[in-house]
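At position 180 of the sequence shown (counting the first as 1) the number is 340 in the numbering used here, and the numbers step up by one without a gap. Just so you know, even glycine gets a beta-carbon here, dropped at the ideal spot from N, CA and C. Reading through the structure tokens given below for one structure.
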Amino acid sequence: MLAAGLWRTHADPIQLENVILNLSVNARDAMPNGGKLIIETANAHVDDAFADEYQIPAGQYVLLAVTDTGSDMTPEVIAQAFDPFFTTKAVGAGTGLGLSQVFGFVRQSGGHVKLYSEIDFGTSVKVYLPRFYGEAAPAAPKRLPTAALRGQANEVILVVEDEERVRNYSIEALRELGYTVVSAPSGAQALRLIDDGGDFNLLFTDVVMPEMTGRKLAELAVARRPKLKVLFTTGYTRNAAVHNAALEYGTNFLPKPFGIDQLAAKVRSVLDSELPAP
Ligand SMILES: Nc1ncnc2c1ncn2[C@@H]1O[C@H](COP(=O)(O)OP(=O)(O)OP(=O)(O)O)[C@@H](O)[C@H]1O
Ligand SMILES: [Mg+2]
């Protein structure tokens, strides 16, 4: 329920939607036998003690809370829940990236996220986003990057990502930016699209995927289409990815989680760049 007289906050609407989706899916998974999912909002005052503890400025925040009546989280799980790739779900069921993406987005927006879980009561995830005092943008509900950072329908991007939610997010964001988007959930299926005659301007691929890594895919794809440009993404930091030899130094790289602005700027710069000499 949206609180009456709710303050406004300034955040990327697509990413915020992704936060609500992530938290709702977690709540659903915690209630295999059914239960209640409550999404609510409120104006919140963060006092000095709370501000100190969570390292955000004291002041006024907009609170978004997603609560379920499902299984609770143990203190051990709470302690690791925001770590990328931490999951208690079966292999293939969860990537462990949901809460780490939520955390990244909320911190980047100047806010804080807190988990509360009680035995036999379920879990409440509280997201605090700073109150925005500026003028509302009148007839522009969705803030898109400037025209210079957008794409055109004749620029075709192949998105390869094994996690469905992340893939759908990228597809939707790139389409909103004006690009034509084709997607595949694995390297093998991406190569099939290319072998079937698909002609793409950019390959935008996850690095860490089962069976074929993004790096191997890029190598095989570029062998077939020497003019294809490549942009990698991963939840690992750039250093970790380079260290793990997943990427070579100097490769085009966009760290996860990314907002539409970062995606727009990176994709545009890669598409506009000169191809390295063969
Ligand atoms: N609402 C919840 N109730 C109980 N446990 C939860 C809840 N939300 C998260 N968790 C625990 O935290 C872990 C990490 O959550 P996170 O969203 O990061 O990953 P995931 O849901 O396992 O995978 P993904 O979101 O990538 O599909 C979960 O595996 C689960 O153990
Ligand atoms: Mg999740």
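Quick check: the Cα distance between residue i and residue j, rounded to an integer number of angstroms?
i, j, result
"N314", "L224", "39 angstroms"
"L380", "F392", "14 angstroms"
"K286", "F210", "13 angstroms"
"R327", "Y339", "15 angstroms"
"T373", "V367", "6 angstroms"
"M191", "Y288", "25 angstroms"
Does the Cβ of residue i lie closer than 7 angstroms to at least one heavy atom of ligand 2?
i, result
"L181", "no"
"G258", "yes"
"G254", "yes"
Could you say which of the options lies nearest to residue i if we only look at CA atoms?
i, options, result
"D208", "I199, A218, A202", "A218"
"T169", "N412, L414, P290", "P290"
"V382", "A333, R335, D355, E371", "D355"
"F263", "A164, F418, A424", "F418"
"A348", "E332, K376, L362, M191", "K376"
"H272", "A204, E236, N193, P235", "A204"
"N178", "Q422, P370, A333", "A333"
"E371", "F242, Q261, P345", "P345"
Might you give, ordered along the chain, the residues of its own chain that have their beta carbon closer than 6 angstroms to the beta carbon of residue i, omitting 5 neighbours on each side?
i, result
"G395", "P244, L257, K416"
"K196", "T229"
Is the closest heavy atom of ligand 4 to the C-beta of residue i under 7 angstroms?
i, result
"V185", "Among the ligands present in this structure, namely ligand 1 and ligand 2, ligand 4 is not found."
When DSSP labels each residue in this structure, what does residue i get in the three-state scheme?
i, result
"L435", "coil"
"D355", "helix"
"A216", "The amino acid occupying residue 216 in the given sequence is Ile; Ala does not appear at that position. Coil, per DSSP."
"R291", "strand"
"N203", "strand"
Please determine whether the Cβ atom of residue i lies at a distance below 7 angstroms from any heavy atom of ligand 1.
i, result
"A225", "no"
"T283", "yes"
"G230", "yes"
"A350", "no"
If I measure Cβ to Cβ from residue i and keep anything under 7 angstroms in the same chain, skipping five residues before and after, which residues do I get?
i, result
"Q268", "none"
"A307", "none"
Taking 8 angstroms as the limit between beta carbons, can you name the residues of its chain near residue i, skipping five residues before and five after?
i, result
"R335", "V341"
"P298", "Reliability fails at P298, whose pLDDT of 46 lies under 50, so the model's placement of it is uncertain and no value is given."
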